[in-house]
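Trainee:
Numbering (our numbering), first residue to last: 122 to 450.
1. For the beta strand (DSSP E) holding residue 156, just list the boundary residues, first then last.
2. Short of 6 Å in beta carbon distance, which residues of its chain neighbour residue 310, apart from the five on each side in sequence? Order them along the chain.
3. Count the CB pairs spanning the stretch 430 to 438 and the stretch 206 to 217 that are closer than 8 Å, and state whether there are at least three.
4. Tell me, to the nearest whole angstrom, how far the beta carbon of residue 243 is from that of residue 222; I am working on the premise that it is less than 8 Å.
5. Report yes if the CB atom of residue 337 is closer than 8 Å to the CB atom of residue 323, and no otherwise.
6. If you reduce the DSSP assignment to three classes, tell me which class residue 255 lands in.
7. Taking 8 Å as the CB-CB cut-off, is residue 172 touching chain B?
8. Whether or not the stretch 165 to 178 and the stretch 397 to 405 are in contact is what I'm after, with contact meaning three or more pairs of Cβ atoms, one per stretch, closer than 8 Å; do they touch?
9. Could you check whether the stretch 312 to 323 touches the stretch 232 to 249, counting it as contact only if at least three pairs of C-beta atoms, one from each stretch, sit closer than 8 Å?
10. Spell out a yes or no on whether the stretch 364 to 384 and the stretch 179 to 187 are touching, meaning 3 or more CB-CB pairs, one atom from each, closer than 8 Å.
11. Do you know offhand how far residue 295's Cα is from residue 357's?
12. Name the residue from 256, 427 and 397 whose alpha carbon lies nearest to the alpha carbon of residue 237.
13. Return the CA-CA distance between residue 301 and residue 199, expressed in angstroms with no decimal places.
14. Alpha carbon to alpha carbon, how far is residue 380 from residue 340? Give it in angstroms, no decimals.
15. Whose CA, out of 360, 255, 369 and 328, lies closest to the CA of residue 414?
16. Exposed or buried, what is residue 437 when buried is set at 16 or more other beta-carbons lying within 10 Å of its beta-carbon?
17. Using only the alpha-carbon positions, how far apart do residue 137 and residue 409 sit?
18. Taking just the CA atoms, how far does residue 370 sit from residue 440?
19. Pull the bridge partners of residue 391 from the DSSP assignment, please.
20. Taking residue 436 as part of the beta strand (DSSP E), name the residues at either end of that continuous run.
21. Please report how far the alpha carbon of residue 446 lies from the alpha carbon of residue 387, in whole angstroms.
22. Counting only the same chain and skipping the five closest in sequence on each side, list residues whose C-beta sits under 6 Å from that of residue 351.
23. Tell me which residues share the same chain as residue 143 and place their Cβ nearer than 7 Å to its Cβ, disregarding the 5 neighbours each side in the sequence.
24. Quick check: what's the CA-CA separation for residue 435 versus residue 282?
25. Excluding five sequence neighbours on each side, which residues of the same chain lie with their C-beta closer than 8 Å to the C-beta of residue 166?
26. Which residue's Cα is closest to the Cα of residue 270: 284, 252 and 303?
27. DSSP puts residue 289 in a beta bridge; with which residues?
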C-alpha cells in the first residue's frame, strides 16, 4: 500500500470510530428507577409521572426507545418503601428519582453509589442527605421544597382566611426531621398573630382521625398540614376530617384545595418533577450528583376554595382573592 493511500485510509477510520461509538451509545437503553411514597392510584400520580416523562422527552429521552423507567409506588407504607428501595437498586439503574424524605432515607441505606435525584425534599442538609446545597458531596442531589422561614406563611394565611382562629394544630410526620423545624418557625410567629399552636404527630390514618377529632372538641381551632408523603397519601382523609369538624385548614400544596381543602400556599410540585428531569438527563450524560447543586423552588402558588369557605361560613377577603393564583368556585 502506498503511503498516501494508507494515510487516506487511516483518516477515514478516525472519522468512522467516533461515529460508530456514537451509534452504539445511541442504541443503548438507559434505565431509570422511580421511588414514590404515594399510592399508584393517587390523583397526583399521573400528573407527576407525565411531568417527569415530558421533561425527559424534551431532552431527547423516549420511554421504550432509549430509556426504560421502573416505577415503585409505596402507598405511604414504610415497609414497602424499604422493600422497593432495595428492589430498584438491585435492577442496577443508571439513576433513581426519589420523591421526598421518606424515600431518600431507605434508598441511601441501599446504595451510596447509584445516583439519586429528588424532585421534592424538605431540608435535605438537616436530614443528612447532602453536605450542603451548593456542594451535595455524595450520590444525591435535587430540588428542595422550601426553607423553614416559609412555614410561617401558612399560619399567616390561616389567620387571614379565618381571623377567628385562636388555636392551630400543626400536622406533621415525626419520622421527618424537617417537621420540627417547620413547627418551630410557625410557633415563633404565633404570638404576633394571637394563635396558640400545638403539634400533632401522626404516623397512620387511624392516628390522624383520633388526633384531629380530639383537637376539634375545643372551639376556634384550625389546621396546618405540613409537607410529607404521609400527608399526601392521606390527603382525602385529612380534607374530609377538616370538613366534618368544620376546621379551617391550610395546606402546603394546591392539590389539597382541588380535593376540597380551604386554602394552600406552596411550591408548584409538578414543576419540580419537570425540573428534576433536567438533572436526570445531565447524570445520564455523565455528570455526577456531587457536582450538581441542590436547587430551591422557583414557582409558588396560592389557591383558595370558595365553596369550602362558604361551607365554613367564612368570607375570604377580596385582597386575598386578588393575590390567588387559583380560585375554585
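We put the beta carbon where it would ideally sit given N, CA and C, even for glycine.
Mentor: Reading from the atomic positions:
1. Reading the chain shown from its first residue, position 35 is the one you call residue 156. Looking at the DSSP string, the run of the beta strand (DSSP E) that includes residue 156 is 151 to 157.
2. Walking along the chain shown from the start, residue 310 turns up at place 189. Scanning its chain for C-beta atoms nearer than 6 Å, with the 5 sequence neighbours on each side dropped, one finds around residue 310 the residues 273 and 276, in chain order.
3. Result no; under three Cβ-Cβ pairs closer than 8 Å.
4. Here residue 243 refers to the residue found at position 122 when the chain shown is read from its first residue. Here residue 222 refers to the residue found at position 101 when the chain shown is read from its first residue. With a Cβ gap of about 6 Å, residue 243 and residue 222 count as contacting.
5. Position 216 of the chain shown, counted from the first residue, corresponds to residue 337. Position 202 of the chain shown, counted from the first residue, corresponds to residue 323. Not closer than 8 Å, so no.
6. Locating residue 255 in the chain shown gives position 134, counting from the first residue. Coil.
7. Looking for chain B here will not work: only one protein chain is present.
8. Touching, yes, given that three or more Cβ pairs across the two stretches are closer than 8 Å.
9. Taking a cut-off of 8 Å for Cβ pairs, the stretch 312 to 323 and the stretch 232 to 249 do not touch, as fewer than three such pairs fall below it.
10. Short answer: they don't touch.
11. As a working note, residue 295 is residue 174 in the chain shown. As a working note, residue 357 is residue 236 in the chain shown. Within the model, the alpha-carbon separation for residue 295 versus residue 357 is close to 20 Å.
12. Start at 1 with the first residue of the chain shown, and residue 237 comes out as number 116. Checking every option, the nearest Cα to that of residue 237 belongs to 397.
13. Numbered from 1 along the chain shown, position 180 holds the residue referred to as residue 301. Numbered from 1 along the chain shown, position 78 holds the residue referred to as residue 199. So the alpha carbons of these two residues sit roughly 20 Å apart.
14. Position 219 of the chain shown, counted from the start, is the residue given in the question as residue 340. Position 259 of the chain shown, counted from the start, is the residue given in the question as residue 380. About 25 Å.
15. For the purposes of this step, residue 414 is identified with residue 293 of the chain shown, where counting begins at 1. Ranking the options by Cα distance to residue 414, first place goes to 255.
16. Locating residue 437 in the chain shown gives position 316, counting from the first residue. Buried, by the Cβ-count rule.
17. Against the chain shown, residue 137 aligns to sequence position 16. Against the chain shown, residue 409 aligns to sequence position 288. Below a pLDDT of 50, predicted positions are generally treated as unreliable, and residue 137, at 39, falls in that range; no measurement from the model is reported.
18. Sequence index remark: in the chain shown, residue 440 carries index 319 (1-based). Sequence index remark: in the chain shown, residue 370 carries index 249 (1-based). Cα to Cα, residue 440 sits roughly 19 Å from residue 370.
19. Position 270 of the chain shown holds residue 391. Beta-bridge annotation (DSSP): residue 391 is not paired with any residue.
20. Looking up residue 436 in the chain shown gives position 315. Counting along the chain, residue 436 falls outside any beta strand (DSSP E), and DSSP gives it neither H nor E.
21. Here residue 446 refers to the residue found at position 325 of the chain shown. Here residue 387 refers to the residue found at position 266 of the chain shown. Cα to Cα, the separation comes out at about 11 Å.
22. For the purposes of this step, residue 351 is identified with residue 230 of the chain shown, where counting begins at 1. Leaving aside the five residues that flank residue 351 on each side, the residues in its chain whose CB is nearer than 6 Å to its CB run, in chain order, 197 and 294.
23. Position 22 of the chain shown holds residue 143. At residue 143, the pLDDT of 42 sits below 50, so the modelled position is not reliable; the number obtained from the coordinates is stated separately. Counting only Cβ-Cβ distances below 7 Å, and skipping sequence neighbours, we find nothing.
24. Taking the chain shown and counting its residues from 1, one reaches residue 435 at position 314. Taking the chain shown and counting its residues from 1, one reaches residue 282 at position 161. Those two C-alpha atoms are separated by around 7 Å.
25. Mapped onto the chain shown, residue 166 falls at position 45. Hits under 8 Å: 157, 159, 160 and 194.
26. Residue numbering aside, residue 270 sits at position 149 when the chain shown is read from its first letter. Cα-wise, what sits closest to residue 270 is 303.
27. Start at 1 with the first residue of the chain shown, and residue 289 comes out as number 168. According to DSSP, which records beta bridges pairwise, residue 289 is partnered with 318 and 343.
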